[in-house]
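Read in order, the letters of the sequence shown are residues 374 to 811 in the numbering used here. Let me begin by presenting the structure, written as structure tokens, before commenting on it.
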Amino acid sequence: MPRIDRISALHDDLLVNILSQVPTKDAVTTMVLSKRWALVWTMVPKLEYEDTSKEGGKNLWRLVDKSLQLHKAPVLESMHIQAERQFTDDADVGKCVSYAVDHNVREISLIIPSFILPSQPKILLLPSNFYTSKTLVNLTLSCSALVVDVPSLACFPLLQTLALLNVVFNDESSHARLLANCPALSYLHVIRYYSDNVTRFIVKVPSLKSFTYTDNHERYSAMPLVLDSPGLQHLSIFDYGDLGSIQNMPHLETAYVGHLVPQPNDKFLRSFSSVGSLHLRLMDVECFSAINFPRLMKFKLHLFKPSFSELRPGYSEYCSLEPLMLFLHNSPVLKVLTISYGVGLYYEDLPLSWNQQSSVPGCLLAHLEIFVWDKFGGRRRQERECVAYIFANSKCLKTATVLPRCSYRLEEIVEDIKSLYRVSASSQLITHSDSTNP
374 MPRIDRISAL HDDLLVNILS QVPTKDAVTT MVLSKRWALV WTMVPKLEYE
424 DTSKEGGKNL WRLVDKSLQL HKAPVLESMH IQAERQFTDD ADVGKCVSYA
474 VDHNVREISL IIPSFILPSQ PKILLLPSNF YTSKTLVNLT LSCSALVVDV
524 PSLACFPLLQ TLALLNVVFN DESSHARLLA NCPALSYLHV IRYYSDNVTR
574 FIVKVPSLKS FTYTDNHERY SAMPLVLDSP GLQHLSIFDY GDLGSIQNMP
624 HLETAYVGHL VPQPNDKFLR SFSSVGSLHL RLMDVECFSA INFPRLMKFK
674 LHLFKPSFSE LRPGYSEYCS LEPLMLFLHN SPVLKVLTIS YGVGLYYEDL
724 PLSWNQQSSV PGCLLAHLEI FVWDKFGGRR RQERECVAYI FANSKCLKTA
774 TVLPRCSYRL EEIVEDIKSL YRVSASSQLI THSDSTNP
């Protein structure tokens with residue numbers, strides 16, 4: 374009994390939809406099935422190219438070039454190009470992007486990892502029509518050979534999501550011109566490359582709701598971030614430089630800040646006073662001052678101690694916990710508190726200092742429900758007394774988790790933790806030995 378080809382009997386629109394779900398390389402191969410399939414793939418509105426061949430990137434760019442010559446869809450929804458290996462001279466990135474823009478593309482993703490570029494890569498420039506796309510909604514550019522040169526008449530009226538990962542800008546103001554001409558931008562992700570030539574990275578976007586920023590420049594370099602986007606709701610920053618030029622964000626809901634500089638001042642923290650959930654990664658907590666956090670309900674502090682080789686003149690090897698208590702006094706509705714730390718070479722424990730407090734923060738007395746101390750050393754009186762203080766004064770505590778950092782004297786440390794008095798008798802205590810239980 375002959376087999377019936379039911380798939381080929383389907384309507385063109387349905388076949389095109391099916392081929393839109395697979396990489397373009399696979400969609401193109403269907404043209405050899407029969408005359409019925411010869412031109413179906415050419416109407417696919419989504420083009421996705423990924424280099425998975427052992428030969429390198431040359432085959433990828435040949436496929437891109439040939440398929441674009443045959444492609445006939447009047448409107449292109451998306452174009453995704455990702456090279457995993459060798460970047461070759463056959464690549465005509467500008468031609469690909471220009472084709473996509475001419476076909477009213479809504480999404481472009483160009484990802485060429487920096488480590489696969491040759492030692493002297495050619496400079497890639499985007500075509501002029503790219504900077505006036507009226508249809509682009511989502512854009513990802515990731516390539517250290519890509520130079521973004523934004524003209525004065527650039528305009529992206531519909532762009533909502535933008536990722537600039539390891540790109541280089543033509544001049545100091547190109548990035549600012551780009552952002553200024555994205556009136557609908559709501560999400561921005563920036564990773565700055567080591568050869569980035571922008572001294573002050575300015576982000577002034579009234580419509581921005583979410584911003585992720587990573588600066589990979591040399592540690593403690595003076596490459597400040599200037600942030601003035603009062604509509605921000607979610608913010609993530611990892612930076613070794615100056616964060617003193619961040620304006621107030623009254624609608625901020627969540628924030629992560631990795632600010633690994635010796636003795637940071639409190640200027641950057643003032644901009645986060647309205648946040649509801651805050652995660653800080655710092656070298657010390659001296660920057661905690663009389664800043665109020667009236668809406669803060671969830672706080673995680675990760676203390677990082679550098680190795681001796683990273684210590685700078687005037688930097689104390691001790692970390693005082695007294696400013697943390699001041700922070701808790703100024704966070705009256707805090708419900709979740711997590712403390713964790715990491716240390717560099719030659720440190721077995723993070724050196725801490727602690728003195729008994731004369732008054733109890735209001736959040737401990739009336740609001741704190743979850744307390745976590747991760748990587749508890751267990752060898753120092755100061756650390757133990759701080760945990761004991763929180764246990765003894767957190768009247769609403771539901772769950773307390775204390776996880777020892779190492780297995781040395783583990784049973785002794787766990788028993789000592791369990792012996793500490795908890796004013797909330799109904800609270801659950803979780804230690805390292807219990808943490809694998811549900």
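Glycine included, C-beta positions come from ideal geometry on N, C-alpha and C. Keep in mind it's a predicted model, so treat the numbers as computed, not measured.
Tell me whether D463 is buried or exposed, calling it buried when 16 or more other Cβ atoms sit within 10 Å of its Cβ. Numbered from 1 along the sequence shown, position 90 holds the residue referred to as residue 463. Confidence at D463 is low in this model, with a pLDDT of 48, below 50, so the placement of that residue should be treated as unreliable; the coordinate-derived value is given next. With fewer than 16 Cβ atoms within 10 Å of its Cβ, D463 is classed as exposed.
ask   = Exposed or buried, S797, counting other C-beta atoms within 10 Å across all chains shown (16 or more means buried)?
value = Locating residue 797 in the sequence shown gives position 424, counting from the first residue. Label assigned to S797: buried.
Excluding the 5 residues preceding and the 5 following S682 in the sequence, name in chain order all residues of the same chain whose CB lies nearer than 7 Å to its CB. Taking the first residue of the sequence shown as 1, we reach residue 682 at position 309. Residue placement at S682 cannot be trusted, given a pLDDT of 46 that sits under 50; what the coordinates show is reported in the next sentence. Answer for S682: no residue qualifies.
Can you name the residues that DSSP bridges to R565? Position 192 of the sequence shown holds residue 565. Answer is D588, bridged to R565.
Task: Nearest-angstrom Cβ-Cβ length linking P344 and A557, presumed shorter than 8 Å - done: The question about residue 344 has no answer here: the residues shown for the chain are numbered 374 through 811.
Next item on the list: Starting from G735, follow the alpha helix (DSSP H) in both directions and report where the run begins and ends.
Entry: Looking up residue 735 in the sequence shown gives position 362. Looking at the DSSP string, the run of the alpha helix (DSSP H) that includes G735 is G735 to A739.
Query raised in the report: Near V474, what residues of its chain come up, given a Cβ to Cβ distance below 6 Å and the 5 sequence neighbours on each side ignored?
Result: For the purposes of this step, residue 474 is taken as the residue at position 101 of the sequence shown. If we look at V474 and ignore the five residues flanking it on each side, its Cβ neighbours are N502, F503 and S506.
If we require 3 or more residues per run, which beta strand (DSSP E) segments fall completely within the stretch 601 to 682?
607 to 612, 627 to 632, 650 to 655 and 671 to 678
Distance check for V448 and N342, CA to CA, integer angstroms please.
Since the first residue shown for the chain is 374 and the last is 811, residue 342 is missing from the structure and cannot be characterised.
What distance in whole Å lies between the Cβ atoms of L783 and P777, which are believed to be in contact at a cut-off of 8 Å? The residue given as residue 777 occupies position 404 in the sequence shown. The residue given as residue 783 occupies position 410 in the sequence shown. Sure, about 6 Å apart at Cβ, within 8 Å.
* **Residue from D657, A761, H453 and T772 whose Cα sits closest to the Cα of L675** => For this step, residue 675 is matched to residue 302 along the sequence shown. It is His, not Leu, that sits at residue 675 in the sequence shown. Per the Cα distances, D657.
**Message:** Looking at K582: is its Cβ nearer than 7 Å to the Cβ of D601?
**Reply:** Stepping through the sequence shown from its first residue, residue 582 is reached at position 209. Stepping through the sequence shown from its first residue, residue 601 is reached at position 228. Against a cut-off of 7 Å, the Cβ pair of D601 and K582 comes out as no contact.
Exercise. Is the CB-CB distance between L655 and H632 below 7 Å?
Worked result: On the sequence shown, position 282 is the one that residue 655 refers to. On the sequence shown, position 259 is the one that residue 632 refers to. Yes, they are a contact pair.
Within 8 Å, do at least three Cβ pairs link the stretch 612 to 621 to the stretch 659 to 674? no
If we ignore side chains and look at the alpha-carbon of each, how far apart do W410 and L538 end up?
Taking the first residue of the sequence shown as position 1, residue 410 is located at position 37. Taking the first residue of the sequence shown as position 1, residue 538 is located at position 165. In a straight line, the C-alpha of W410 is about 38 Å away from that of L538.
(request) Just confirm the distance between the C-beta atoms of A628 and L608, as a whole number of angstroms; I'd bet it's less than 8 Å. (result) Looking up residue 628 in the sequence shown gives position 255. Looking up residue 608 in the sequence shown gives position 235. Right, their Cβ atoms sit about 5 Å apart.
Requested in this report: Report the three-state DSSP secondary structure of K468 (helix, strand or coil).
Outcome: By 1-based counting over the sequence shown, the position of residue 468 is 95. Reduced to three states, the DSSP call for K468 is helix.
message: Can you list, in chain order, the residues of its chain with a C-beta nearer than 8 Å to that of H548? Leave out the 5 residues immediately preceding and following it.
response: If you number the sequence shown from 1, residue 548 lands on position 175. Result list for H548: V521, V523, L537, F542, V571, F574 and I575, in chain order.
Original post:
Hey, would you say W414 sits closer than 7 Å to V395, going by beta carbons?
Top reply: On the sequence shown, position 41 is the one that residue 414 refers to. On the sequence shown, position 22 is the one that residue 395 refers to. Going by C-beta atoms, W414 is not nearer than 7 Å to V395.
Quiz item: Alpha carbon to alpha carbon, what distance is there between Q442 and V389?
Solution: In the sequence shown, the residue the question calls residue 389 occupies position 16. In the sequence shown, the residue the question calls residue 442 occupies position 69. Using only the alpha carbons, I get a separation of about 18 Å.
For P734, which residues of its own chain have a beta-carbon under 7 Å away from its beta-carbon, when the five flanking residues on both sides are left out? Position 361 of the sequence shown holds residue 734. M698, L701 and H702.
Please classify L678 as buried or exposed, where buried requires at least 16 other C-beta atoms within 10 Å of its C-beta.
Counting from 1 along the sequence shown, the entry for residue 678 is found at position 305. Correcting the residue identity first, residue 678 is Lys in this sequence and not Leu. Buried: at least 16 other Cβ atoms inside 10 Å.
Within the stretch 484 to 549, ranges of the alpha helix (DSSP H) (whole runs, at least 4 residues): none
TODO: Rounded to whole angstroms, what's the CA-CA distance from T809 to E742? Just pull it up for me.
DONE: Taking the sequence shown and counting its residues from 1, the one referred to as residue 809 is at position 436. Taking the sequence shown and counting its residues from 1, the one referred to as residue 742 is at position 369. Because the pLDDT at T809 is just 41, under 50, the model does not fix this residue reliably, and the point stays unresolved.
Helix, strand or coil at E756 according to DSSP, with G and I counted as helix
Counted from its first residue, the sequence shown places residue 756 at position 383. Residue state, collapsed to three classes: helix.
If you count every other CB in all the chains shown that lies within 10 Å of the CB of P579, and 16 or more means buried, which is it? Looking up residue 579 in the sequence shown gives position 206. So P579 ends up on the exposed side.
For this session: Using the Cα positions of E788 and L552, report the straight-line distance between them to the nearest angstrom.
Result: Looking up residue 788 in the sequence shown gives position 415. Looking up residue 552 in the sequence shown gives position 179. Using only the alpha carbons, I get a separation of about 56 Å.
* Please work out which residues of its chain come closer than 7 Å, Cβ to Cβ, to L436, disregarding the five sequence neighbours upstream and downstream, and give them in chain order. => For the purposes of this step, residue 436 is taken as the residue at position 63 of the sequence shown. Counting only Cβ-Cβ distances below 7 Å, and skipping sequence neighbours, we find K398 and Y422.
Check: Do you know how far the Cα of L535 is from the Cα of V709?
Finding: One-based indexing of the sequence shown puts residue 709 at position 336. One-based indexing of the sequence shown puts residue 535 at position 162. Approximately 32 Å between the Cα atoms of the pair.
- request: Report yes if the C-beta distance between L802 and S767 is below 7 Å; otherwise report no.
  value: Here residue 802 is taken as the residue at index 429 of the sequence shown, counted from 1. Here residue 767 is taken as the residue at index 394 of the sequence shown, counted from 1. In this structure, S767 does not lie closer than 7 Å to L802 by Cβ.
Where DSSP assigns a beta bridge to V576, which residues make up the other side? Working through the sequence shown from its first residue, we reach residue 576 at position 203. Its beta-bridge partners are L600.
Would you give the residue range spanned by the beta strand (DSSP E) that D747 belongs to? As a position in the sequence shown, residue 747 is number 374, starting the count at 1. From DSSP, the beta strand (DSSP E) with D747 extends over I743 to F749.
Q) Relative to the alpha-carbon of N511, which residue among G604, L483 and Y781 has its alpha-carbon at the smallest distance? A) Within the sequence shown, residue 511 is the residue found at index 138, counting from 1. Comparing Cα-Cα distances from N511 to each of G604, L483 and Y781, the minimum goes to L483.
Measuring straight from C-alpha to C-alpha, what distance separates L653 and V417? Within the sequence shown, the letter at position 280 stands for residue 653. Within the sequence shown, the letter at position 44 stands for residue 417. The alpha-carbon atoms of L653 and V417 are separated by roughly 46 Å.
Cα-Cα separation between A739 and S731, rounded to whole angstroms
The residue labelled residue 739 in the question sits at position 366 within the sequence shown. The residue labelled residue 731 in the question sits at position 358 within the sequence shown. Between A739 and S731, the C-alpha separation is close to 18 Å.
ask   = Which residues does DSSP pair with T711 in a beta bridge?
value = In the sequence shown, residue 711 corresponds to position 338, counting from 1. DSSP lists K673 and V745 as partners of T711.
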